[in-house]
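To start, the structure itself, in structure tokens.
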Amino acid sequence: MLMNNSATDITSDSNRVSAAAVLVAAGSGSRMNGGDKIFQSLCSRPLIEHSISVFMDSGLFQTTILVLSKNTIDKAHDLLSDRVSEGLILTTGGIRRQDSVLRGLEKIHNASVVAIHDGARPCVTELLLKEGLQKVMKTGAAIPVIPVTDTVKSVNKYSRVERTVPREELKFSQTP
Numbered sequence: 041m042l043m044n045n046s047a048t049d050i051t052s053d054s055n056r057v058s059a060a061a062v063l064v065a066a067g068s069g070s071r072m073n074g075g076d077k078i079f080q081s082l083c084s085r086p087l088i089e090h091s092i093s094v095f096m097d098s099g100l101f102q103t104t105i106l107v108l109s110k111n112t113i114d115k116a117h118d119l120l121s122d123r124v125s126e127g128l129i130l131t132t133g134g135i136r137r138q139d140s141v142l143r144g145l146e147k148i149h150n151a152s153v154v155a156i157h158d159g160a161r162p163c164v165t166e167l168l169l170k171e172g173l174q175k176v177m178k179t180g181a182a183i184p185v186i187p188v189t190d191t192v193k194s195v196n197k198y199s200r201v202e203r204t205v206p207r208e209e210l211k212f213s214q215t216p
């Protein structure tokens, strides 16, 4: 999710805005049977490194904050020490996702645009970030979505199918 308070086009360097990124990765990993997915290997690198690399290497963000659980912050600091020396800020999250987002936002001091990303989703691209920033500068807020290709049914309280929801009316969002 990207949010902004002004309406500027960032397509040229003369309109460069101050942007910050908050990557939320403070989950418990409960669906991973106790393993924390941000440390799982993907193409010989921990999953979290993929997300961090895209944000930090894009040059689009002056500040990048990684929000982690108390149980993982030390391991992440060891793993990402090079990125920390490049300016990555690590902080601990809260009980709920929104608490973790708030803790990340509290670490931002000067940014006109903030991007919030689920750190456990490594397939973010620089193009998506650029397009998102451009959209937020025009509209004030943006969220990336994915078209729904599955058939979706609306059911009543008895779990009886009421209707098929037109997939053209639906989008998936993967942002926290």
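Here the numbering used here runs 40 ahead of the position in the sequence shown, where the first position is 1. Using N, Cα and C, we set each Cβ at its ideal position, and we do this for glycine too.
* To do: Could you check what DSSP says for L130 in three-state terms: helix, strand or coil?
  => L130: strand per DSSP, three-state reduction.
* **Residue from I92, G99, A59 and L100 with nearest C-alpha to L108** => Cα-wise, what sits closest to L108 is I92.
* Asked: DSSP state of A61, grouped into three classes?
  -> Reduced to three states, the DSSP call for A61 is strand.
* Cβ contact check for the segment 96 to 111 and the segment 132 to 146: 3 or more pairs under 8 Å -> As far as the Cβ criterion goes, the segment 96 to 111 touches the segment 132 to 146, which means the pair count is three or higher.
* To do: Express the C-alpha separation of Y198 and T204 in angstroms, rounding to a whole number.
  => Linking T204 to Y198 through their CA atoms gives a straight-line distance of about 16 Å.
* Between A188 and V195, is the Cβ-Cβ spacing less than 8 Å? -> The sequence given here places Val at residue 188; Ala does not occur at that position. With a cutoff of 8 Å on beta-carbon distance, V188 and V195 are scored as not near each other.
* For E89, count neighbouring C-beta atoms within 10 Å of its own C-beta (all shown protein chains included) and say buried if the count is 16 or more, exposed if not. => Its Cβ being crowded by 16 or more others within 10 Å, E89 is buried.
* Excluding sequence positions up to five away, which residues of its chain have a Cβ less than 7 Å from the Cβ of S213? -> The answer, listed in chain order, is I183 and V185.
* Please determine, among E146, E126 and A160, the residue with the shortest C-alpha to C-alpha distance to A132. => In the sequence as displayed, the identity of residue 132 is Thr instead of Ala. For T132, the nearest C-alpha among the options comes from E146.
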